[in-house]
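Sequences listed follow chains A and B, in order. Its first residue numbered 39, the first sequence is counted upward by one per residue in the numbering used here. Its first residue numbered 2, the second sequence is counted upward by one per residue in the numbering used here. Idealized CB from N, CA, C, for every residue including glycine. Let me begin by presenting the structure, written as structure tokens, before commenting on it.
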Amino acid sequence: MLFGYEWDLSSPLAFAISILPILLTGMLVTIQATVLGFLVALVLGLVWAVLKGAPSRFIAWPAKVVTEFIRDTPLLVQLFFLYYVLPEYGIVLPAFMTGALALGIQYSAYTSEVYRAGLEAVGSDQREAARALNLSSARTFTHIIVPQAVPRIVPAMGNYLVSIMKDVPVLSVVTVLEMLNVAKIVGDRTFDYLVPLSMVGALYLIMTLVASTGVRLLDTWLPKQGIPLK
Amino acid sequence: MTDDPIIKFDSVVKRFGDLTVLDELNFEVKKGEKVSIIGPSGSGKSTVLRILMTLEEINGGMVTVGGEPLWHEKAADGSLKPASEAHLRKMRVQLGMVFQQFNLFPHMTVLRNITEAPTKVLGLSKAEAKERAEELLELVGLADQASKYPHQLSGGQQQRVGIARALAMRPNVLLFDEPTSALDPELVGEVLNVIGKLAEEHDLTMLLVTHEMRFAREISDRVCFFDQGRIREEGAPEDLFTDPNEERTREFLKAVLD
Chain A
39 MLFGYEWDLS
49 SPLAFAISIL
59 PILLTGMLVT
69 IQATVLGFLV
79 ALVLGLVWAV
89 LKGAPSRFIA
99 WPAKVVTEFI
109 RDTPLLVQLF
119 FLYYVLPEYG
129 IVLPAFMTGA
139 LALGIQYSAY
149 TSEVYRAGLE
159 AVGSDQREAA
169 RALNLSSART
179 FTHIIVPQAV
189 PRIVPAMGNY
199 LVSIMKDVPV
209 LSVVTVLEML
219 NVAKIVGDRT
229 FDYLVPLSMV
239 GALYLIMTLV
249 ASTGVRLLDT
259 WLPKQGIPLK
Chain B
2 MTDDPIIKFD
12 SVVKRFGDLT
22 VLDELNFEVK
32 KGEKVSIIGP
42 SGSGKSTVLR
52 ILMTLEEING
62 GMVTVGGEPL
72 WHEKAADGSL
82 KPASEAHLRK
92 MRVQLGMVFQ
102 QFNLFPHMTV
112 LRNITEAPTK
122 VLGLSKAEAK
132 ERAEELLELV
142 GLADQASKYP
152 HQLSGGQQQR
162 VGIARALAMR
172 PNVLLFDEPT
182 SALDPELVGE
192 VLNVIGKLAE
202 EHDLTMLLVT
212 HEMRFAREIS
222 DRVCFFDQGR
232 IREEGAPEDL
242 FTDPNEERTR
252 EFLKAVLD
């Protein structure tokens, strides 16, 4: 029994049906960690992108070093660091929060590059035209740069959303009860790993397909008329 | 045309790294005057326009537009200090620019391209801006293209939209930065026709950087030959094109006209 659900070992199919609610509980945690991690990556990535593009190299340079460091060290190392080292300095976060934060930080280094490439793809000719027409910098950013950058950014961001989703099982090492961890517990208790792990694979496939379809729909829905996309 | 200079360059220096693009340039344009700037690549022709449009800062000297310093403003104690963004915004109202690569906003329709700045910068209502845009599209011969996107238009049509967009801000001075250099030869004529019409019918001050010598000769009150960051020779088009004083001008004209 786990989370109040009994399993039925009479046949593989019966077993699969009986543990589905348990796995779905874990899947909900996986989705929550994905969404939270992705939001952190989107916001923090934008911060990095702005800092890296700052005119002062005293701001740009440290931001580049930090993001390079984040990118070149394993997610697991960062996760252990946040989970075991921060509490020594009095910062104690629930395992789930720590995990989502680690995912978000790791991926912010990647998303910052996506933002940067997207913003840079809007040529200086557009900024110059806006300046010649005396548009304010805020208006230029929101109505000239962003509408042209977003369609370039969305597909790459969608790929990272799927990547984050697939990295969530790493959080199991700090006791987060996401889908893989739940399946492993079921296996440990029933000595049947085949059915729960196969189900995790299948459920993952459904989740990633849904996520990439969603991204594709968003991409088709975005106004792209006239924007030269490579 | 009156005698007050609307644009004045006084010993203006512009450097890009070690390269001196404008070398203590002195240059004046009178109100309503149509001036063409010709010269070899890298002679600083476009830089003059880009400095006026506040796209490039100056490294020395003084530029005035309508009698007021462009890149300087008066500090509280009366001395001149480098211009703030607010000062540049105020000064830019007098100027408009037509770019070599058109620089239209690709994600906006032709109409939005023209109405965006009048509504957001000049505070025109949508209806007023639309009316103004339609008049201008009529003027440039594109009345039926308002709802198209730039990529659906030919280069010549795009540049005519660029001209309408600049005019919609009602500038006193219109700067043309090689407006036909990016166009296929058969599309150059339609853009030149529009510029020619503007020159004839409006008292707009026009500054045209161009390689179209015949056109420069037709529409200009004065032609300036730029070489190595200075004006090597200037004068009425007939004089400069038929009987230049300088050997360097002669060489250049021979090379481009043959």
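* Can Tyr121(A) and Ala133(A) be called in contact, C-beta distance under 8 Å? -> yes
* Asked: Since Phe1(B) contacts Arg223(B) with CB under 8 Å, what's their CB separation in whole angstroms?
  -> Limits of chain B in this structure are 2 at one end and 259 at the other, which puts residue 1(B) out of reach.
* Taking Ile8(B) as the reference, which of Arg133(B), Ile220(B), Asp145(B) and Val49(B) has the closest Cα? -> Val49(B)
* Name the one or two DSSP bridge partners that Phe10(B) has. => According to DSSP, Phe10(B) bridges with Phe28(B) and Val64(B).
* **Listed by chain order, chain B residues near Glu166(A) by CB distance under 9 Å** => Arg51, Met54, Leu56, Met98, Phe100 and Asn104
* To do: Measure the C-alpha to C-alpha separation of Glu252(B) and Ile182(A) and round it to an integer number of angstroms.
  => 44 Å
* Asked: Can the beta-carbon of Glu158(A) be found closer than 8 Å to that of Leu56(B)?
  -> Against a cut-off of 8 Å, the Cβ pair of Leu56(B) and Glu158(A) comes out as no contact.
* If we cut at 8 Å on Cβ distances, does Pro107(B) have a partner in chain A? -> Output row for Pro107(B): interface = yes.
* Any chance the segment 102 to 115 of chain A sits against the segment 66 to 77 of chain A, with 3 or more Cβ pairs inside 8 Å? -> no
* Using 8 Å as the limit for Cβ to Cβ distance, is Asp257(A) near chain B? -> Judged by the 8 Å Cβ criterion, Asp257(A) is not in contact with chain B.
* Check whether the Cβ of Lys127(B) lies closer than 8 Å to any Cβ atom in chain A. => no
* Whole-Å CB distance - Arg95(A) paired with Ala147(A), under 8 Å assumed -> The pair is not a contact, with the Cβ atoms about 19 Å apart (cut-off 8 Å).
* Asked: Name the DSSP beta bridge partners of Tyr43(A), please?
  -> Its beta-bridge partners are Leu40(A).
* Asked: Can Arg161(B) and Val122(B) be called in contact, C-beta distance under 8 Å?
  -> no
* Helix, strand or coil at Pro93(A) according to DSSP, with G and I counted as helix -> coil
* **8 Å Cβ cut-off: residues of chain B touching Leu173(A)** => Against Leu173(A), the close residues of chain B are Glu117, Ala118, Lys121 and Val122, in the order they occur along the chain (beta-carbon pairs closer than 8 Å).
* Leu71(B) versus Phe100(B) - alpha carbon distance -> 20 Å
* **For Lys131(B), the nearest candidate out of Gly124(B), Thr116(B), Glu139(B) and Pro186(B) (CA to CA)** => Thr116(B)
* Does any C-beta atom of chain A lie closer than 8 Å to the C-beta of Arg171(B)? -> Taking CB atoms only, Arg171(B) has no neighbour in chain A less than 8 Å away.
* Using DSSP with H/G/I as helix, E/B as strand and the rest coil, what is Pro70(B)? -> strand
* For Ser221(B) and Val36(B), the rounded distance between their alpha carbons -> 5 Å
* Output the boundary residues of the alpha helix (DSSP H) element that contains Ile232(B). => Careful: Ile232(B) lies outside any alpha helix (DSSP H), inside the beta strand (DSSP E) at Arg231 to Gly236.
* Out of curiosity, what's the CA-to-CA distance linking Val64(B) and Ala84(B)? -> 11 Å
* Is there a Cβ from chain A that is less than 8 Å from the Cβ of Pro180(B)? -> Not one beta carbon of chain A lies nearer than 8 Å to the beta carbon of Pro180(B).
* **Those residues which DSSP pairs with Val99(B) across a bridge** => Looking at the DSSP assignment, Val99(B) forms a beta bridge with Phe177(B).
* Rounded C-beta distance between Gly40(B) and Phe226(B)? I'm assuming under 8 Å. -> Contact holds; Cβ gap of about 6 Å.
* Asked: Hey, is Arg161(B)'s beta-carbon within less than 8 Å of any beta-carbon in chain A?
  -> no
* **Cross-chain neighbours of Ala176(A) in chain B, by beta carbon under 8 Å** => Result: empty, since nearest Cβ-Cβ is about 10 Å, beyond 8 Å.
* To do: Indicate the three-state DSSP secondary structure (helix, strand or coil) for Met214(B) in the structure shown.
  => DSSP places Met214(B) in helix when its eight states are reduced to three.
* Asked: If you draw a straight line from the alpha carbon of Gln186(A) to that of Lys262(A), how long is it in whole angstroms?
  -> 8 Å
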